[in-house]
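Residue numbers (full-length UniProt numbering): 1 to 295.
Glycine included, each C-beta is placed from N, C-alpha and C at the ideal position.
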């Protein structure tokens with residue numbers, strides 16, 4: 001039986017890596033050829049040696065790489081690196097390359113509520129894919145639990161605070177491990193049942209950041225406080241002091257504003273319906289990753 005070739009972009013990111021790990025466990029693994037698309041600067045490929053069958057050079061900033069990376073590829077996991085927000089510059093050329101290739105499905109990591117948030121890059125990329133007529137599956141997860149162990153790790157570890165302008169709004173969270181499981185399920189499927197559909201993926205709970213801070217307090221054994229800064233204070237700290245790219249900070253502001261308005265609290269049964277088991281809770285995530293926030 002010929003193998004199905006799957007290209008995974010951003011394979012060393014949270015979702016890309018967890019998708020490869022989940023694909024490696026799929027019963028169809030021997031029928032799959034997994035290719036990791038890596039930038040030249042990503043020298044540490046140790047995590048991929050047992051997961052991907054091949055690594056290819058790839059950079060969203062270099063369209064000349066697209067056609068060769070897509071040669072023979074039938075399915076693509078498209079994960080937008082968070083620092084790349086210019087859709088026309090980085091993603092339109094890639095979608096156009098997919099269109100002229102043999103790719104039969106694009107699984108795009110989008111965003112919960114993307115249809116109501118047109119300022120986000122995710123909304124624009126979804127539109128590009130649909131307008132190109134490429135068979136797609138849109139995964140629309142809620143807020144990543146891992147954002148608290150990566151983007152916001154330092155403020156929790158060193159300042160014992162969560163510094164997010166989301167007010168008292170509730171946010172549904174999901175573990176990236178669970179997203180990777182669904183992405184692998186969809187990518188490995190040959191029936192076509194997931195084509196041209198969008199799936200909103202969440203956990204079972206929607207928490208305020210004060211409640212998240214309390215869970216971290218319980219798990220870490222020290223007081224974690226939720227600080228609710230103004231948008232301007234947040235932008236100043238993340239962009240000016242912490243040197244995050246302004247485009248990335250503005251996307252964060254858009255997402256946290258949605259949460260503050262009470263529009264990020266929705267939960268769905270979709271994950272369990274697709275996988276047959278419940279998603280992970282934030283408390284379990286915190287317990288499994290407590291060492292990340294140690295000083």
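Helix, strand or coil: which one does DSSP assign to residue i?
i           : result
residue 171 : strand
residue 25  : coil
residue 242 : coil
residue 224 : coil
residue 35  : strand
residue 52  : coil
residue 70  : helix
residue 162 : strand
residue 207 : strand
residue 237 : helix
residue 100 : coil
residue 283 : helix
residue 295 : coil
residue 57  : strand
residue 181 : helix
residue 149 : coil
residue 269 : coil
residue 290 : helix
residue 296 : The structure shown does not extend to residue 296, since the chain is modelled only from 1 through 295, so no value can be given for it.
residue 122 : helix
residue 84  : coil
residue 40  : coil
Return the residue from the list the options that minimises the CA-CA distance to residue i.
i           : options            : result
residue 137 : 194, 223, 57       : 194
residue 48  : 19, 71, 97, 130    : 19
residue 211 : 196, 240, 172, 33  : 172
residue 52  : 63, 252, 208, 17   : 17
residue 279 : 239, 200, 236      : 200
residue 262 : 168, 115, 182      : 168
residue 102 : 291, 254, 5        : 5
residue 61  : 180, 83, 54, 239   : 83
residue 123 : 26, 158, 86        : 86
residue 89  : 59, 281, 222       : 59
residue 10  : 288, 25, 56        : 56
residue 132 : 93, 121, 242, 178  : 93
residue 21  : 214, 221, 180, 238 : 180
residue 112 : 281, 274, 270, 291 : 270
residue 277 : 237, 202, 33       : 202
residue 150 : 244, 272, 23       : 244
residue 154 : 241, 72, 127       : 241
residue 227 : 274, 160, 204      : 160
residue 182 : 32, 236, 272       : 272
residue 191 : 28, 177, 115, 77   : 28
residue 267 : 204, 281, 213, 239 : 204
residue 281 : 178, 7, 24, 72     : 178
residue 72  : 32, 110, 45, 46    : 32
residue 30  : 121, 15, 2         : 2
residue 275 : 50, 26, 7          : 26
Excluding the five sequence neighbours on either side, which residues of its own chain have a C-beta within less than 8 Å of the C-beta of residue i, listed in chain order?
i           : result
residue 13  : 79, 81
residue 97  : 63, 66, 67, 70
residue 152 : 162, 163, 164
residue 156 : 148, 162, 216, 224, 293
residue 170 : 206, 207, 208, 259, 262, 264, 265
residue 287 : 219
residue 290 : 219, 220
residue 115 : 123
Tell me residue i's beta-bridge partners as DSSP assigns them.
i           : result
residue 109 : 139
residue 76  : 7, 106
residue 263 : Its beta-bridge partners do not exist; DSSP assigns none.
residue 197 : 137
residue 144 : 174
Can you name, in chain order, every residue of its own chain whose Cβ lies under 6 Å from the Cβ of residue i, other than the five neighbours on each side?
i           : result
residue 165 : 229, 231, 234, 256
residue 91  : 125
residue 198 : 138, 140
residue 285 : 145, 175
residue 283 : 215
Can you list, in chain order, the residues of its chain whose CB lies under 7 Å from that of residue i, leaving out five sequence neighbours each side?
i           : result
residue 129 : 95, 106, 108, 136
residue 104 : 74, 75, 135
residue 119 : 254
residue 158 : 295
residue 99  : 132, 134
residue 213 : 162, 224, 225, 226
residue 222 : 160
Give a yes or no on whether 8 Å exceeds the smallest Cβ distance from residue i to chain B.
i           : result
residue 244 : Of the protein chains in this structure there is only one, and it is not chain B.
Exercise. Using 8 Å as the threshold, is the segment 26-37 in touch with the segment 135-150, meaning 3 or more CB pairs across them?
Worked result: When Cβ pairs closer than 8 Å are counted between the two stretches, the segment 26-37 is seen not to touch the segment 135-150, the count staying below three.
Exercise. Between the segment 245-255 and the segment 177-186, do three or more beta carbon pairs fall short of 8 Å?
Worked result: no
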